[in-house]
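Participant:
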Amino acid sequence: MFSALNIRIGFFLALRALRRASLWTTSLIVFVMILTFLNLVVVSGILVGLIQGSIDQVRTKYTSDVIVSTLNDKKYIENSAGIIELIETMPEVESVTPRYREGGTLEANYKTRKDTDKPNTAPGQLVGVDPLAENAVTGIAADIIEGSFLSTGDYDKVVLGHYLLKQYVPIETPAFSTLDHVGIGTKIRLHVGDVTREVTVKGILKSKVDEIALRTFMVDTQFRSMIGRTDGNVSEIAIKLKSGTDPAAVRDALKRSGVDKVAKVQTFEDAQPKFLQDIVATFNMLGNVFSSLGLIVASITIFIVIFINAITRRKYIGILKGIGIHGRVIEISYVFQSIFYALIGSVVGLALVYGFLVPFFAAHPIDFPFSDGILVAPPDQTFFRVGLLVFATLIAGYIPAWMIIRKNTLDSILGRN
Amino acid sequence: MIQTKQLVKTFKSGEVLTPVLKGIDFRASAGEWVAIMGRSGAGKSTFLYQMSLLDDPTSGEITIDGHNTRTMSAKEKMLFRLSKFGFVFQDYALLPELTALENVALPLLMQGLPKGEAYTKAIAALERAGLGHRISNLPSQLSGGEQQRVSIVRAVAHNPRILFADEPTANLDNESSKRIMEIFSELHKKTGQTIIMVTHEEQYAKLAERIIHFDDGKIVSEQKN
C-alpha cells in the first residue's frame, strides 16, 4: 500500500498542491504551526527557565562550580589552609574564595532607642571574605545597589544583603525581622556570641539568592579576629572552575585527596536544595500539560484545514480515483502537505527560538522576584517536540483525507451525497 | 471486447427504489466506435459509468476482454481503469493545480513510468493535439476547448483499450466541439481506438459506426452508420 510508487506520486501531487495553493491560506496555516511550536517549546521553557535562572544565580553568586563546606557536626573545615592550597594547585581551578561564617544578630537603633523601646534587630549570617577573591569568584561587587563593596583594607565596615533592610523588604513577620532606617554610613552593631562590634554600613547588595541576601559581609582578617578564629579554618570554600571543566571531575579529585573526610565536597548541582529539583520536575510536567493542549489545538486545526480542503476538492479526488490513481496516493499527498505545514512551522519556530528568543532572554532575563528567568530549550527536548508536532499533524492530516477518499468514486465525481 | 448481460442499476433513496437501467444487453467489439444517445434521464450516462467500472451495477454482468468484472476487487477495478480505460468527462475533469503537461503525465507516472519518459510521452501527445505551446499552462489558463483537448490527450496518452466519453462536447461552442470530434475521428481511424461515447448531438453521433438509443433504462433502437 505504501509502495515507493504511491509515495512518489503522493509527493508529486502534494508538492503541486502546495506550490499552487493560496499564499494567504498557506501562510495562515504555517502561522498556526509556528504558534503551536512556540507554545510547545516556549511555555515549558519559560517555566523551567524561571527555576533554571534561580539555579544559575545560586551557582554564580553563591556556590560557584564546586563548594567545600563544613560537615554537619562541625563549625569549620579542619586544615582549611592545606585544602585551599591543594585546590589552588589544581589546573582546572580559576579562582577560590574561602569564607568564614557565623550566625549573629544585627542591631540598628541602639543609639536612639529608650530603655523601654524594643531593640531593632535582625538575625543573619555574618561572613568574612577576602574582597578580591570573593569578587573574582562571584562578581559580588556588581550586585551592590547602594554604596560600594569592601576593599581589602576596610576596617569596621560591612556590606548588607538587602533582605536585612526594611526599605527593601517592607513586610515584617515575627519570624523575619529587618533593620529600619539603615543606609550607607549608618552605624550598626554586630553580635556574634558574646562579642559585640560597632561597624559602618559601606554597601548594600541585592541578590536573588536568599542565602546571599541575608548575609552581612566583612573583610576576613577582621572577622577572624572578631570571632576569635586563630587557626585560619573557614566554613566554606567556593571554587570557580575554568570554562569547560566538569565540576564532578574536580569534586571527585578532591574526594580522592581525602577532603571529604573533613568537609562536604559538592558540585553546584549536589548543593541544590531538593525542593528546587522538585520544582523543575513539576514545572516540566506543567509545561508538558500546556504543550499537550497546544498540540491538540494544532491537530484539530490541521484536521479542519485538511478536512475542508478534501471536502471542497472531493470532485477532484473522485476524478483522481476515476482515472486510476490509488486512494492511498491521495492520502499520502495530504499527509505530505500536513508534514510540510508542521515542518515549515517548526523550522521557523526553531529559528525564532534559537536565533532570537533564547539569546534575547539570556541577555534580558525576565525579572522574577526570586530569579532572572531565562528560556530553557535543550535541543534534544526541542527536537523531540518537533517530532511530536510532525507526528500529530501527520495523523490529523491523514484521518480527514481517509474519510473523504473512502467515499464512492462516482458520487465524488458527480457531487452526490 | 466489452459485453453486458442483463445489466440492472437501481438507485435507492430511503424506501424509494428508482430503476435506471432495466436489463441491458450490449456488446462492443475492439476498434469499434459506439455512440449512445437518448433524452435526459434515459440512463445512458449511468450505463457508461457501469461499463467503465466507476460504479457497481445492482445486478447483471459486465465482461471486458474476457474478465468478469463482478469478481474484481476495488483495487483490481482501479488498476483496470488506469491501464485499460481512458475517460473524457463533460466538464473536462482536469486537476486545477496541475499544468496541462502534469495532468497528462499523471496516469503515466501512476503506471510506473519514470518521470522523464512520462513527460516525453505526454509532451509528444500534447503536441500532436496542437497544444505544444500550452504544456505549462494551468487549466484555468486554457479555454474550454483546450481543456477538453488536454482531457482527451490525458485519456489516450497511455493507449487505453477503451475510451469512454461522457458528453465530451456538451460544454463547448460549435467550433471547439468540431475540433474535439475531429480528434476522436483521427484517433479511431489512425489507431483503431475503441470509443464508447454518450452524446446528445446527432451530428457527432453520426461519426460513430453505431448509434444505440436509450429510453427509460432500455436500449430501444440501434443504428449502423
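In order, the protein sequence lines correspond to chains A and B.
Numbering of the first sequence is given in the working numbering, commencing with residue 1 and proceeding in unit increments.
Numbering of the second sequence is given in the working numbering, commencing with residue 1 and proceeding in unit increments.
C-beta: ideal position from N, C-alpha, C; glycine also.
#1: In angstroms, rounded to a whole number, what distance separates the CA positions of Ile195 (chain B) and Lys115 (chain B)?
#2: So Ala263 (chain A) packs on Ile87 (chain A), CB below 8 Å; how close in whole Å?
#3: Using a C-beta cutoff of 8 Å, does Arg81 (chain B) count as contacting chain A?
#4: Taking only beta-carbon atoms, is Gly112 (chain B) less than 8 Å away from chain E?
#5: Could you give the first and the last residue of the continuous beta strand (DSSP E) run that contains Gln6 (chain B)?
#6: Classify Ser167 (chain B) as buried or exposed, calling it buried when 16 or more other Cβ atoms lie within 10 Å of its own Cβ.
#7: Where do the N-terminal and C-terminal ends of the beta strand (DSSP E) with Ser185 (chain B) fall, by residue?
#8: Where does Gly31 (chain B) fall in DSSP's three states?
#9: Take the Cβ of Leu28 (chain A) as the centre, count every other Cβ of all protein chains shown within 10 Å, and call the residue buried at 16 or more, exposed below.
#10: What separation, rounded to the nearest whole angstrom, lies between the Cα atoms of Tyr334 (chain A) and Phe164 (chain B)?
#11: Grab me the residues of Ser177 (chain B)'s own chain with a C-beta within less than 6 Å of its C-beta, minus the 5 sequence neighbours each way, in chain order.
#12: Pick helix, strand or coil for His213 (chain B), following the three-state DSSP scheme.
#13: Counting C-beta neighbours from all protein chains within 10 Å, is the total for Glu102 (chain B) 16 or more, i.e. buried, or is it exposed?
#14: For Met78 (chain B), would you say it is in contact with chain A, using Cβ-to-Cβ distances shorter than 8 Å as the test?
#15: Name, in chain order, the residues that DSSP records as bridge partners for Phe164 (chain B).
#16: Could you please give me the residues that DSSP links to Ser64 (chain A) through a beta bridge?
#17: Answer with yes or no whether the minimum CB distance from Lys407 (chain A) to chain B is below 8 Å.
#18: Could you check whether Asp143 (chain A) and Ser80 (chain A) sit closer than 8 Å to each other, using their CB atoms as the reference points?
#19: Shorter than 8 Å from the beta carbon of His326 (chain A) to some beta carbon of chain B?
#20: Name the chain A residues that come within less than 8 Å of Glu32 (chain B), Cβ to Cβ?
#21: For the candidate residues B:Asp173, B:Phe184 and B:Leu131, whose alpha-carbon lies nearest to that of Val156 (chain B)?
#22: Tell me, please, which residues DSSP counts as bridged to Asn68 (chain B).
#23: Strictly below 7 Å CB to CB, what residues from chain A border Tyr49 (chain B)?
#24: Would you mind reading off the limits of the beta strand (DSSP E) that contains Gly161 (chain A)?
#25: Buried or exposed for His364 (chain A), going by 16 or more other Cβ atoms inside 10 Å?
#26: Report buried or exposed for Val96 (chain A), applying the criterion of at least 16 other Cβ atoms within 10 angstroms of its Cβ.
#27: At 9 Å on the CB atoms, spell out the chain A contacts of Leu109 (chain B), in chain order.
#28: Assign Met90 (chain A) to one of three DSSP states: helix, strand, or coil.
#29: Hey, is Tyr119 (chain B) close to the ligand GTP, as in C-beta under 7 Å from one of its heavy atoms?
#30: List the residues of chain A that Ala93 (chain B) touches, going by C-beta distances under 7 Å, in chain order.
#31: Would you check if the distance between the CB atom of Arg19 (chain A) and the CB atom of Leu98 (chain B) is smaller than 8 Å?
#32: From Val201 (chain A) to Val43 (chain A), what does the alpha carbon distance come to, in whole angstroms?
#33: If I follow the unbroken beta strand (DSSP E) through Glu78 (chain A), where does it start and stop?
#34: At the 8 Å Cβ level, is Leu17 (chain B) part of the contact set with chain A, yes or no?
#35: How is the alpha helix (DSSP H) around Phe283 (chain A) delimited, first residue to last?
#36: Could you tell me which whole alpha helix (DSSP H) segments of length 4 or greater appear in the segment 222–270 of chain A?
Facilitator: Answer, in terms of the structure:
#1: Their Cα atoms are separated by approximately 28 Å.
#2: Actually they are not in contact, since the Cβ atoms of Ala263 (chain A) and Ile87 (chain A) sit about 11 Å apart, beyond 8 Å.
#3: So, interface residue.
#4: In summary, chain E is missing from the structure at hand, where the protein chains are A and B.
#5: That run of the beta strand (DSSP E) goes Ile2 to Ser13.
#6: Looking at the sequence itself, residue 167 (chain B) is Glu, so the reference to Ser does not match. In this structure Glu167 (chain B) is buried. Its beta-carbon is surrounded by 16 or more other beta-carbon atoms within 10 angstroms.
#7: Where Ser185 (chain B) is concerned, there is no enclosing beta strand (DSSP E), although the alpha helix (DSSP H) it sits in stretches over Asn174 to Thr191.
#8: In the three-state reduction of the DSSP assignment, Gly31 (chain B) falls in the coil class.
#9: Exposed.
#10: Straight-line measurement puts the Cα of Phe164 (chain B) at about 29 Å from the Cα of Tyr334 (chain A).
#11: Scanning its chain for C-beta atoms nearer than 6 Å, with the 5 sequence neighbours on each side dropped, one finds around Ser177 (chain B) the residues Thr169, in chain order.
#12: Three-state result, His213 (chain B): strand.
#13: Per the 10 Å Cβ criterion, buried.
#14: Yes, Met78 (chain B) lies at the interface with chain A (some Cβ there is under 8 Å from its Cβ).
#15: Partner(s): B:Phe87 and B:Ile196.
#16: Partner residues in the beta bridge of Ser64 (chain A), as assigned by DSSP, are A:Ile239.
#17: For Lys407 (chain A), the closest Cβ of chain B is not nearer than 8 Å.
#18: Going by C-beta atoms, Ser80 (chain A) is not nearer than 8 Å to Asp143 (chain A).
#19: At least one beta carbon of chain B lies nearer than 8 Å to the beta carbon of His326 (chain A).
#20: Those do not exist, as Glu32 (chain B) stays about 22 Å from chain A at its closest Cβ, beyond 8 Å.
#21: The shortest C-alpha to C-alpha distance from Val156 (chain B) to any of B:Asp173, B:Phe184 and B:Leu131 is the one to B:Phe184.
#22: Partner residues in the beta bridge of Asn68 (chain B), as assigned by DSSP, are B:Thr63.
#23: Neighbours of Tyr49 (chain B) on chain A, chain order: Leu410.
#24: Boundaries of the beta strand (DSSP E) around Gly161 (chain A): Lys157 to Gly161.
#25: So His364 (chain A) ends up on the exposed side.
#26: Buried is the label assigned to Val96 (chain A), since at least 16 other Cβ atoms lie within 10 Å of its Cβ.
#27: The contacting residues are Leu5, Arg8, Ile9 and Phe12.
#28: Of the three classes helix, strand and coil, the one that applies to Met90 (chain A) here is coil, per DSSP.
#29: Among the ligands in the structure shown, none appear at all, so the ligand GTP cannot be discussed.
#30: Simply Ile319.
#31: A distance of 8 Å or more separates the beta carbons of Arg19 (chain A) and Leu98 (chain B).
#32: Distance from the CA of Val201 (chain A) to the CA of Val43 (chain A), rounded to the nearest whole angstrom, comes to 42 Å.
#33: Per DSSP, Glu78 (chain A) belongs to no beta strand (DSSP E) and is neither H nor E.
#34: When Cβ-Cβ separations below 8 Å define contact, Leu17 (chain B) makes no contact with chain A.
#35: Unbroken alpha helix (DSSP H) run through Phe283 (chain A): Lys274 to Thr312.
#36: Counting only runs that start and end inside the segment 222–270 of chain A, the alpha helix (DSSP H) elements of at least 4 residues fall at 247–256.
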